[in-house]
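S.K.: The sequence shown begins at 1 in the UniProt record's numbering and counts up one residue at a time.
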Amino acid sequence: MDFESLFTQICHDLEKSGHVKEISTRFSTCSTDAQRISFVLALDSVRARFQEPLSLAKRAISTPCKSQELSTSHRVEGNNYYQKKLNWKAISSYNRSLLVGEGEALALAYANRSAVFHDTSDWLHSLRDIQLAFDHGYPKHLEYKLRERQGNCWLQLGHVRQAFISFNLARNLLLVTTTNAQQSHKDKLISINSKIVKLGDDANPTIGVSESNESAAASIERQVIKKRRTAPDLNRDSNALLPAASTSIELTDSDDRGRCLVATEDIQIGTTVIVEKALASILLEEFKESHCHHCLHWTPGPVPCHQCSQVGFCSTLCRDEAWASYHQSECGLTDSLHGTNVGRHGLLAVRTVLKVGRQRIMDVASEDDGCNPAGGELYDSTDYGRTIHRLVGNTARRSVADLFRRAVMAVYLTSLIQQQRDGKEDDPDEILATAVLQLIQSYPCNAHEISHLAFPLPGTPSGPDLPSTLQQIRLCEIGAAAMPVLSLINHSCDPNVVRDCYGDVIAVKAIRRIARGDEILDNYGYHYATHDKKERQLKLSQQYYFRCNCLACAQDWPRYEDAPKLVDRPELYHPIHRDIGNFSSLSSGSCYPDGPAHLEESTRLFIGYLEAMDSDASIHLPVQEYSMAQEVLKHCWALSATLSPHLAVVV
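1. How would you call Asp522, buried or exposed, if buried means at least 16 neighbouring beta carbons within 10 angstroms?
2. With DSSP as the reference, please indicate the residues paired to Trp298 in a beta bridge.
3. Taking the continuous beta strand (DSSP E) assigned at Val505, which residues delimit it?
4. CB-CB under 8 Å to Asp614, same chain, minus the five flanking residues each way: which ones, in chain order?
5. If you count every other CB in all the chains shown that lies within 10 Å of the CB of Gly581, and 16 or more means buried, which is it?
6. How big is the Cα-Cα spacing for Glu330 and Pro53?
7. Look at the Cβ atom of Leu347, then the Cβ atom of Gly479, and state whether they are nearer than 7 Å.
8. Does DSSP put Ser644 in a helix, a strand or coil?
9. Nearest to Ser67 by alpha carbon, out of Lys534, Ala109, Gly339, Tyr502?
10. Using alpha carbons as the reference points, say which of Ala638, Thr434, Asn490, Pro302 lies closest to Ser38.
11. Do you know whose CA, among Asp500, Lys534, Ala278, lies nearest Ser451's CA?
12. By the three-class DSSP mapping on this structure, what secondary structure does Cys305 have?
13. Round the Cβ separation of Thr642 and Tyr412 to the nearest angstrom and send it over; I've been treating them as touching at under 8 Å.
14. Within its chain, find whatever has a CB closer than 8 Å to the CB of Ala57; leave out the 5 residues flanking it on each side and keep chain order.
15. Considering only the beta carbon of each residue, do Ile440 and Arg406 sit closer than 7 Å?
16. For Lys21, I'd like the list of residues in its chain whose CB is within less than 8 Å of its CB, leaving aside the five on either flank, ordered along the chain.
17. What's the C-alpha gap between Leu106 and Ser644?
18. Short of 6 Å in beta carbon distance, which residues of its chain neighbour Leu633, apart from the five on each side in sequence? Order them along the chain.
19. In the structure shown, what three-state DSSP assignment does Gly258 receive?
20. Flag this pair as yes or no: are the beta carbons of Val408 and Phe7 separated by less than 7 Å?
21. DSSP on Leu378, reduced to helix/strand/coil?
22. Quick check: what's the CA-CA separation for Val116 versus Asp44?
23. I need the straight-line Cα distance from Val40 to Arg358, nearest angstrom please.
24. Return the chain-ordered list of same chain residues with a C-beta closer than 8 Å to the C-beta of Cys308, the five sequence neighbours on each side being excluded.
25. Would you please state the rounded distance, in angstroms, between the beta carbons of Arg161 and Ile130? I believe it to be under 8 Å.
26. Once the 5 residues before and after Asp532 are set aside, which same chain residues still bring their CB inside 7 Å of it?
27. I want to see whether chain D comes within less than 7 Å of His531, judged by CB atoms only; does it?
28. Beta strand (DSSP E) containing His452: first to last residue?
29. For Arg360, which residues from the same chain have a beta carbon less than 8 Å from its beta carbon, with the 5 sequence-adjacent residues on both sides left out?
30. Could you pull the DSSP bridge partners for Val364 from this structure?
31. Going along the chain, which residues of its own chain have a beta-carbon closer than 7 Å to the beta-carbon of Tyr524, five neighbours each way excluded?
32. I'd like to confirm the pairing. Which residues does DSSP put opposite Asn490 in its beta bridges?
33. I think Ala629 touches Leu610, with their Cβ atoms under 8 Å apart; what is that distance to the nearest whole Å?
34. With DSSP as the reference, label Lys277 as helix, strand or coil.
35. Taking C-beta to C-beta, are Ser442 and Leu391 nearer than 7 Å?
36. Please state if the CB of Leu486 and the CB of Glu276 are separated by a distance shorter than 7 Å.
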């Protein structure tokens, strides 16, 4: 149930009771989040209004979410698309079939999806789906089809012996099933025999078929995972006290800036200074069929949860890791949690407490000394107690009404996840609710967006035949993440670093030269080039509770369109504009999946232009060409990090 509607009903009940002023006064005396949670739990109107939505959530968990009928319907739809050569639409339908399928329905959907991957030369995903089809009981009388397809895939990947094994299995299966009336089987048998002969005697395997197939299945999974784009390495060794960062930066305390990251040496443009994996992350609902619920990487062929139909994973490894870490506590509730419409910060708070676990949260609460780690102390991204738990929530600056709303939200979210525990629906966990309340105060100022570049698919109203141009690529917010080290970076309206997402890993690179001793500065979404000073100051104050005093604000820099141009410097002006035009002509088809040589060349060119402007004492920011060069460079890095087709992209 939508939380805002529920909260409105609670407030209406309190108004009818005539005790709003009294309750507000009493709530304002609560000095800790634990006290606020206890106060809300003691309100009869809150418990009464929670009963219906919690009962619905409990019912949703107990209702079977797998459906052979629905799975078959989606699979038939996929077959129709496949026959029309609308491959991406076929894959999308098969993905939906798999999410709700079980038993033989799963096997058939995996088999059909493997055919599309085979026809589009995605040999690894085809092999993985073939193996999963076998694992889920693919009909024996049809197995020869998959074995031949399996052999073709192995052959394309250069695994001749594996191909030989698969073709032999296909031949043997056909020999068992072929009769005089089955001319098509005889033709297929001739075709497979021809393939075996072409492989020659050298392909004859020296190990048993079952052993080979078992090791091959593990190899396929590893190769599928390896296809994901990975973040670059740090420019130097990892900082012993700040493991997600290189030794080029360190954590310090400043009288006027508080905790911040500063450069320990001169840092050049393009240098990777931070690579951090999220302590916790969430995927937005509209991307559940295209991205992994666990690692947030794009996947053309998601693997479903064994139990629910609400999430998909890029691999069985991610599926199993998610189950062990948190998904068993949310399984069947994902749609209910999204249905609360509490936003990404509320969902991320729930995911965080599920991953950290109740015992660790209790231990942290008992150990809390109120002090933040600073320079000289270890700041490890994986340590909830020393990082995320200590982030500022600006509680003192929040109104009583805001804190009350967040406390009710925390209790509601915690009560929802309690529905997974039989008999506990009327006993909300105060420990978890307190942790959720703390996080939904701190995450609006500290959580990070996970974004992804996507281009429209062919066969959609917005999707021309590939390759599409860079102008058709869109930046999509696909999720949110808790990044403890990135949360230490302060804001500037003219930042010196930029973030790139690789699933739930974020890499931070220098977008300007950074001198030794300078602070590492990110942008919180309000850049001088796109927002005027008045708007920036207002938005930053409303969300982050500070007034920005960066150079762009102090000097009231104009927005991009009003900034001067380097027309009096033709040796820079003309090459920059020429190469921007060349870059814009790149196509997404050539940029994905491996990245073309001219993308690397563009990166080199625009780093050179920025360095030339940085080194020229006569050039004073802001100038349009500097902003343009930075934007192209950021786009180059983003294209290298993540780019995929997506049905939802509208041009």
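We put the CB at the ideal spot given by N, CA and C, even for glycine.
Values in this document were obtained by computation on a predicted structure and should not be read as measured data.
M.R.: Reading from the atomic positions:
1. Locating residue 522 in the sequence shown gives position 522, where the first residue counts as 1. Answer is buried; the Cβ neighbour count reaches 16.
2. Position 298 of the sequence shown, counted from the first residue, corresponds to residue 298. In DSSP, Trp298 forms a bridge with His291.
3. As a working mapping, residue 505 is identified with position 505 in the sequence shown. Per DSSP, Val505 belongs to the beta strand (DSSP E) from 505–510.
4. Walking along the sequence shown from the start, residue 614 turns up at place 614. Once the five neighbours on either side are set aside, the close Cβ partners of Asp614 are Ile269, Arg512, Arg513.
5. On the sequence shown, residue 581 is found 581 positions in, with the first residue counted as 1. Label assigned to Gly581: exposed.
6. For this step, residue 330 is matched to residue 330 along the sequence shown. For this step, residue 53 is matched to residue 53 along the sequence shown. Looking at the two C-alpha atoms, the distance is approximately 16 Å.
7. Residue 347 sits at position 347 when you count from the first residue of the sequence shown. Residue 479 sits at position 479 when you count from the first residue of the sequence shown. Cβ atoms of Leu347 and Gly479: not closer than 7 Å.
8. As a position in the sequence shown, residue 644 is number 644, starting the count at 1. Strand at Ser644.
9. Translated into the one-based positions of the sequence shown, residue 67 becomes position 67. Looking only at Lys534, Ala109, Gly339, Tyr502, the smallest Cα-Cα distance to Ser67 is reached by Ala109.
10. In the sequence shown, residue 38 corresponds to position 38, counting from 1. The option with the nearest alpha carbon to Ser38 is Thr434.
11. Here residue 451 corresponds to residue number 451 of the sequence shown, with the count starting at 1. Of the candidates Asp500, Lys534, Ala278, the one whose C-alpha sits nearest the C-alpha of Ser451 is Asp500.
12. Taking the first residue of the sequence shown as position 1, residue 305 is located at position 305. The answer is coil: DSSP assigns Cys305 none of H, G, I, E or B.
13. Position 642 of the sequence shown holds residue 642. Position 412 of the sequence shown holds residue 412. Going by Cβ atoms, the distance from Thr642 to Tyr412 rounds to 34 Å, so no, they are not a contact pair.
14. Walking along the sequence shown from the start, residue 57 turns up at place 57. So the qualifying residues of the chain are Leu333, Ser336, Leu416, Gln419.
15. Along the sequence shown, read from residue 1 onward, the residue named residue 440 stands at position 440. Along the sequence shown, read from residue 1 onward, the residue named residue 406 stands at position 406. The answer is yes: Cβ separation under 7 Å.
16. Sequence index remark: in the sequence shown, residue 21 carries index 21 (1-based). For Lys21, where only same-chain residues beyond five positions count, there are no Cβ hits under 8 Å.
17. Within the sequence shown, residue 106 is the residue found at index 106, counting from 1. Within the sequence shown, residue 644 is the residue found at index 644, counting from 1. So the alpha carbons of these two residues sit roughly 25 Å apart.
18. Translated into positions along the sequence shown, residue 633 becomes position 633. Correct list, in chain order: Phe606.
19. Here residue 258 corresponds to residue number 258 of the sequence shown, with the count starting at 1. Reduced to three states, the DSSP call for Gly258 is strand.
20. Here residue 408 corresponds to residue number 408 of the sequence shown, with the count starting at 1. Here residue 7 corresponds to residue number 7 of the sequence shown, with the count starting at 1. Result yes, Cβ atoms of Val408 and Phe7 sit closer than 7 Å.
21. Position 378 of the sequence shown, counted from the first residue, corresponds to residue 378. Judged by DSSP in its simplified three-state form, Leu378 adopts coil rather than helix or strand.
22. Position 116 of the sequence shown, counted from the start, is the residue given in the question as residue 116. Position 44 of the sequence shown, counted from the start, is the residue given in the question as residue 44. Cα-Cα distance, rounded: 56 Å.
23. To locate residue 40, count along the sequence shown from 1; it is residue 40. To locate residue 358, count along the sequence shown from 1; it is residue 358. The alpha-carbon atoms of Val40 and Arg358 are separated by roughly 20 Å.
24. Counted from its first residue, the sequence shown places residue 308 at position 308. Cys65, Cys331, Gly332, Thr334, listed in sequence order.
25. One-based indexing of the sequence shown puts residue 161 at position 161. One-based indexing of the sequence shown puts residue 130 at position 130. That pair is no contact at about 17 Å.
26. Within the sequence shown, the letter at position 532 stands for residue 532. Counting only Cβ-Cβ distances below 7 Å, and skipping sequence neighbours, we find Arg559.
27. The structure shown contains no chain D; it holds only a single protein chain.
28. To locate residue 452, count along the sequence shown from 1; it is residue 452. That run of the beta strand (DSSP E) goes 448–456.
29. By 1-based counting over the sequence shown, the position of residue 360 is 360. For Arg360, where only same-chain residues beyond five positions count, the Cβ hits under 8 Å are Tyr384, Gly385.
30. Numbered from 1 along the sequence shown, position 364 holds the residue referred to as residue 364. None; Val364 has no bridge partner.
31. Within the sequence shown, numbered from 1, the residue matching residue 524 stands at position 524. Only His491, Leu540, Tyr544 meet the Cβ criterion.
32. Position 490 of the sequence shown, counted from the start, is the residue given in the question as residue 490. In DSSP, Asn490 forms a bridge with Leu521.
33. Walking along the sequence shown from the start, residue 629 turns up at place 629. Walking along the sequence shown from the start, residue 610 turns up at place 610. Confirmed, Cβ separation roughly 5 Å.
34. Numbered from its first residue, the sequence shown carries residue 277 at position 277. Strand at Lys277.
35. To locate residue 442, count along the sequence shown from 1; it is residue 442. To locate residue 391, count along the sequence shown from 1; it is residue 391. Yes, they are a contact pair.
36. The residue you call residue 276 lines up with position 276 of the sequence shown. The residue you call residue 486 lines up with position 486 of the sequence shown. Judged by beta-carbon spacing, Leu486 lies within the 7 Å limit of Glu276, meaning their Cβ atoms are closer than that value.
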